Each structure stands twice: as C-alpha cells, then as structure tokens.
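Taking my numbering, the leading residue of the sequence shown gets 14, the next gets one more, and so forth.
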Amino acid sequence: MNNSFRLVILCCASAAGCALAEYKVEMNAIDSKGVGASVGTVTASAGPNGSVVLTPKLKGLPPGTHGFHVHANPDCGPKEKDGKMEAGEAAGGHYDPNQTKKHAGPAGDGHLGDVPPLEVSKSGNATKAVRVPRMKLADLTGKSLVVHEGGDNFSDQPKPNGGGGTRIACGVIK
Numbered sequence: 014m015n016n017s018f019r020l021v022i023l024c025c026a027s028a029a030g031c032a033l034a035e036y037k038v039e040m041n042a043i044d045s046k047g048v049g050a051s052v053g054t055v056t057a058s059a060g061p062n063g064s065v066v067l068t069p070k071l072k073g074l075p076p077g078t079h080g081f082h083v084h085a086n087p088d089c090g091p092k093e094k095d096g097k098m099e100a101g102e103a104a105g106g107h108y109d110p111n112q113t114k115k116h117a118g119p120a121g122d123g124h125l126g127d128v129p130p131l132e133v134s135k136s137g138n139a140t141k142a143v144r145v146p147r148m149k150l151a152d153l154t155g156k157s158l159v160v161h162e163g164g165d166n167f168s169d170q171p172k173p174n175g176g177g178g179t180r181i182a183c184g185v186i187k
C-alpha cells in the first residue's frame, strides 16, 4: 500500500472516530429552583456491537441505587408539573423515538432511553460503567442524562417509569 493511500485511510478513520468518539457530559445537582453545583461527569463512548457505554465520575450523590435515563430534551431546568415546579422536568420524558410509551428496561422493547441503574457508593461516588445495549452514540445528541432519587424497577407498575421519583442530577448532551 502506498503512503498516500495510507494517509487517506488514516485521515478518514480519524475523522469518523472524532465525529462520534465520545461525549463528556457535565452533570449538575438539580432541584425545583434550577440547576445547581457540579456533581461530576459522565462519559458516553462506543461499546460492543455499536452499543453505548456510560462511565460516571460522580460525587456527592445519595448512596444506593438510582434510576438513570436518557431524556428527550437538552434542558435540565425545572418545569411546572401538576401545579408545582419540579426538578429537571424541562428534560422531558425518557427518550422514546419509537413512541412505545412503556418502560421495559435497557434490553426491553420500551423506551430507548432506559439505562441500567446508577450505583452510588456509601461515600456518595458513582464510578461503575453501564452498557446501554440498544442505543448508539448518535442517538445521544441533543438529549439529557438524568439521575433519579430512587431505584428503577423497569416497569410502569406500581408507579410509572420505574418509580424512580424526583430528578436529582442532570446533564445536557451536546
């Protein structure tokens, strides 16, 4: 192979890789008054078979298991819901481009934005990567990542959207 051809292949590969190599999402605490202090970052990168891997570097969160989702809108602000301001409601609902209107977990046939739960250590840190098998990196542009106060049962019963409750952290994916 001649050097010119190698250079063209290298440039094309680099350009393709740079276009969607990864996203670094700045995550902030949120409440009904707005967006607060930084709680760290989540890096989204390409995983096996075109999936997405989300690698958190978060701090200052309540220990335990938390619902973690890709939401439809690139906005972490509060919005009125049921007559009162609610944290992160401007992010909209879980990303659901196929309009399934159901919460079935990361490997299920529901919302595409269903992500495996975020595990937060006793010290308030989250560093364990999760794989989102049905998403591609290109799906993330113009969305947001949201952490909920409670866990996620990947069902719409007994509460909608896994029962995760209030949104406590959010980051816009640019």
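All residues carry an ideal CB built from backbone N, CA and C; glycine is no exception. Computed from a predicted model, the values in this text were never measured in an experiment.
Can you tell me where the beta strand (DSSP E) holding residue i begins and where it ends?
i	result
D127	D127 to V133
D228	Residue 228 lies beyond the range of the chain shown here (14 to 187); nothing can be said about it.
T56	G47 to A59
I181	R180 to V185
G77	G77 to H84
P69	V65 to L71
R144	V143 to V145
Less than 8 Å between C-beta atoms, sequence neighbours within five positions excluded: which residues of the same chain meet that for residue i?
i	result
A120	P146 and R147
N62	P146
F81	L67, V128, P129, P130, L131, V143, L158, V159, V160, H161 and D165
D109	A85, G123, H124, L125 and G126
S64	R144, V145, P146, R147, M148 and K149
G137	K72, G73, L74, P75 and P76
Just to check my reading of the structure: residue i and residue j have Cβ atoms closer than 8 Å, yes? What is that Cβ distance to the nearest angstrom?
i	j	result
K92	A103	5 Å
V55	V83	Between V83 and V55 the Cβ distance is about 11 Å, and since that is not below 8 Å, they are no contact.
L153	A57	6 Å
Considering only residues of the same chain and omitting the five flanking positions on each side of residue i, which have a CB-CB separation below 7 Å?
i	result
P87	G155, K156, S157, V185 and I186
A139	P69, L71, L74, L131, E132 and V133
Q170	none
I43	G49, C89, A100, G101, R180, I181, A182 and C183
Is it right to say residue i is buried, meaning 16 or more other beta carbons lie within 10 angstroms of its own, or is it exposed?
i	result
A34	exposed
D122	exposed
G101	buried
A85	buried
A50	exposed
G53	buried
State yes or no: is the beta carbon of residue i nearer than 9 Å to at least one beta carbon in chain D?
i	result
D152	Here there is only one protein chain, and chain D is not present.
Grab me the residues of residue i's own chain with a C-beta within less than 6 Å of its C-beta, minus the 5 sequence neighbours each way, in chain order.
i	result
V48	N41 and C89
I181	V160 and E162
M98	S45 and P91
A117	G123
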